[in-house]
Amino acid sequence: GDSVTQTEGQVALSEEDFLTIHCNYSASGYPALFWYVQYPGEGPQFLFRASRDKEKGSSRGFEATYNKETTSFHLQKASVQESDSAVYYCALGDTGNYKYVFGAGTRLKVIA
Amino acid sequence: GGIITQTPKFLIGQEGQKLTLKCQQNFNHDTMYWYRQDSGKGLRLIYYSITENDLQKGDLSEGYDASREKKSSFSLTVTSAQKNEMAVFLCASSIAGGRTGQLYFGEGSKLTVL
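If you're matching them up, the sequences are chains V and S in order. Just so you know, we're using the working numbering here: the first sequence kicks off at 282 and counts up by one. Just so you know, we're using the working numbering here: the second sequence kicks off at 111 and counts up by one.
This is the structure we're talking about:
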């Protein structure tokens with residue numbers, strides 16, 4: 282079945298550091314890829330999506346580019362802030378399928 | 111905009127007890143989902159419903175029942191709570207699944223079994 286792998290379970294950075302969270306996927310079809318962010322005590326929120334090869338999704342200074350060749354959708358931000366501390370989930374939604382598959386999540390802690 | 115309301119926010123039960131979580135959405139979305147969230151395991155799909163009165167099993171459906179009697183509501187029942195179980199259950203909805211939609215989540219219901 283389809284799967285999503287997030288390499289980092291936890292990331293700790295200082296403010297203004299560059300962020301990369303790795304996401305790789307495996308899917309039988311041509312999925313759309315998503316990033317969600319979850320703050321403490323809340324449900325995950327949609328951050329952005331991309332649905333075709335080489336498409337860039339972006340929101341709030343975060344961005345990721347769909348790479349079909351490497352089956353990746355890595356999240357990046359040039360300069361993180363303490364308020365970015367949260368759990369980030371990569372997910373996919375596949376063709377002809379109502380299911381969404383999530384990665385294990387990456388907890389980001391940004392120290393001021 | 112819309113909102114997804116989950117009740118109760120906190121649920122404490124006894125081993126073997128049947129426990130029910132409720133979810134309401136006012137997005138007028140056709141598709142609704144129940145996910146279980148455990149630390150380090152991400153979100154795992156328990157049940158989903160494509161439309162009113164439809165039920166589809168996810169990867170983690172054993173030990174759970176679901177009910178979708180109205181378009182706006184989706185309930186999840188833990189059929190027999192397991193001792194020391196602790197998890198957050200997240201309800202979500204989408205205008206369409208798969209490639210074409212995105213999920214809108216509620217705040218979650220936290221289950222503790224004594």
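Note that CB positions come from ideal geometry on N, CA and C, so glycine has one too.
Quick one: any contact between the stretch 364-374 of chain V and the stretch 306-315 of chain V, if contact means 3 or more CB pairs under 8 angstroms? yes
Check each candidate in Glu179(S), Ile160(S), Ser185(S) and Leu165(S) and name the one with the smallest Cα separation from Leu248(S). In the structure displayed, chain S extends from 111 to 224; residue 248(S) sits before or after that span and is not available.
Please compile the residues from chain V whose C-beta is within a distance smaller than 8 angstroms of the C-beta of Lys151(S). The answer, in chain order, is Ala385.
Simplified DSSP state of Ser190(S), which is helix, strand or coil: Ser190(S) falls in the coil class under three-state DSSP.
Per DSSP, which residues does Arg388(V) bridge with? Please list them. Gln291(V) and Val368(V)
For Gly112(S), return the contacting residues in chain V, with the cut-off set at a CB-CB distance below 9 angstroms. Here the premise fails: no neighbours, minimum Cβ distance about 13 angstroms.
Best match in Pro325(V), Gln357(V), Thr346(V) and Phe327(V) for proximity to Lys335(V) [C-alpha to C-alpha]: Thr346(V)
Per the contact definition of three or more C-beta pairs closer than 8 angstroms, is the stretch 187-194 of chain S in contact with the stretch 119-134 of chain S? yes
Please confirm whether Gln147(S) and Val198(S) have their CB atoms less than 8 angstroms apart. yes
Ser360(V) - partner residues in DSSP beta bridges: For Ser360(V), which the question treats as bridged, DSSP gives no partner whatsoever.
Going along chain S in order, which residues have a C-beta closer than 8 angstroms to the C-beta of Asn378(V)? Gly207 and Gly208
What residues of chain V sit near Glu162(S), judged by a beta carbon separation below 9 angstroms? In chain order: nothing, as chain V lies at least about 14 angstroms away.
Going by Cα to Cα distance, which pick from Tyr381(V), Gly377(V), Lys337(V) and His355(V) is closest to Tyr369(V)? His355(V)
Identity of the residue in Gly173(S), Leu224(S) and Gly168(S) nearest Gly282(V) by Cα: Gly168(S)
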